[in-house]
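K.L.:
Residue numbers (my numbering): 883 to 1074. What follows is a structure written as structure tokens; I'll ask about it next.
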Ligand code: HEC
């Protein structure tokens, strides 16, 4: 079993990674996304090697059972975090083996893993209005799908998997308490 190491400041060579690390601190008030949770779980438990995890195809239920079988790898996660993690994995895995570099110990998994809902929200949702639009809405999965299928959002250049990742992340985790959202993240309220 190989233990995953996220070499925090040492490996900061890629600008993207720097901004991601900074963003993680600045946006800690947002619920964690699936890739972040996956790295935490693998780092804190004796699950299989990360490559065998990300090249496996499982449903959400199978992912949950898989981790539960592994010496309760999910014990430090809240119920919402478990749902976020298994939805992320069911949507985004398997990563085709040919896309994974041979020298797996050199992979920076933080940037290599498909974007999770946390990152997609930050990258996408502040381009036209405040982040609060995403964070204070209470919608079921279908409701998010309907919103994103409408003319205001359907133009966004996301893949099917990214939309699904985002929809699950938002449906599971939102709304968050308004007082948790820093003042500078509030934008103009949507106007019709
Ligand atoms: C291309 C621009 C654009 C981007 C990017 C964008 N939106 Fe919007 N969004 C709009 C527009 C336009 C409206 C209509 C209201 C308004 O005038 O602001 C809207 C409204 C909303 C509303 C309120 C809708 C309602 O009926 O209550 C929510 C919620 C929302 N967006 C969520 C999101 C989320 C989550 C993201 C990130 C995936 C996002 N938006 C990204 C343009 C955008």
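Where is the CB? At the ideal position from N, CA and C, for every residue including glycine.
Evaluate residue 974 with the Cβ neighbour count: other Cβ atoms within 10 Å of its Cβ, from every protein chain shown; 16 or more gives buried, anything less gives exposed.
P.N.:
buried
K.L.:
How about the segment 995-1009 and the segment 908-915: do they share at least three Cβ pairs that are nearer than 8 Å?
P.N.:
yes
K.L.:
Please tell me whether residue 1047 and residue 969 are closer than 9 Å, where the distance is taken between their beta carbons.
P.N.:
yes
K.L.:
What distance in whole Å lies between the Cβ atoms of residue 1013 and residue 1067, which are believed to be in contact at a cut-off of 8 Å?
P.N.:
4 Å
K.L.:
Just checking, does the segment 986-1001 make contact with the segment 917-927 on the three C-beta pairs under 8 Å criterion?
P.N.:
yes
K.L.:
What are the start and end residues of the alpha helix (DSSP H) that includes residue 923?
P.N.:
Looking at the DSSP string, the run of the alpha helix (DSSP H) that includes residue 923 is 916-926.
K.L.:
Specify the secondary structure class of residue 952 as computed by DSSP and reduced to three states.
P.N.:
coil
K.L.:
What's the gap between the Cα of residue 906 and the Cα of residue 1052?
P.N.:
18 Å
K.L.:
Taking its Cβ as the centre, do 16 or more other Cβ atoms sit within 10 Å of residue 1037, making it buried, or is it exposed?
P.N.:
Classification of residue 1037: exposed, given that the 10 Å Cβ count is below 16.
K.L.:
Please tell me whether, using a cut-off of 8 Å, the distance from the CB of residue 956 to the nearest non-hydrogen atom of ligand 1 is below it.
P.N.:
no
K.L.:
Using the three-state DSSP reduction, which class does residue 1069 fall into: helix, strand or coil?
P.N.:
Three-state result, residue 1069: coil.
K.L.:
Going by other Cβ atoms of all chains shown within 10 Å of its Cβ, with 16 needed for buried, is residue 965 buried or exposed?
P.N.:
buried
K.L.:
Report the residue from 1044, 981, 1019 whose alpha carbon sits nearest the alpha carbon of residue 997.
P.N.:
1044
K.L.:
Taking the C-alpha atoms as reference points, what is the distance between residue 931 and residue 1033?
P.N.:
42 Å
K.L.:
Give every residue of the same chain whose Cβ lies closer than 7 Å to the Cβ of residue 1022, excluding the five residues on either side of it in the sequence, and list them in chain order.
P.N.:
1053
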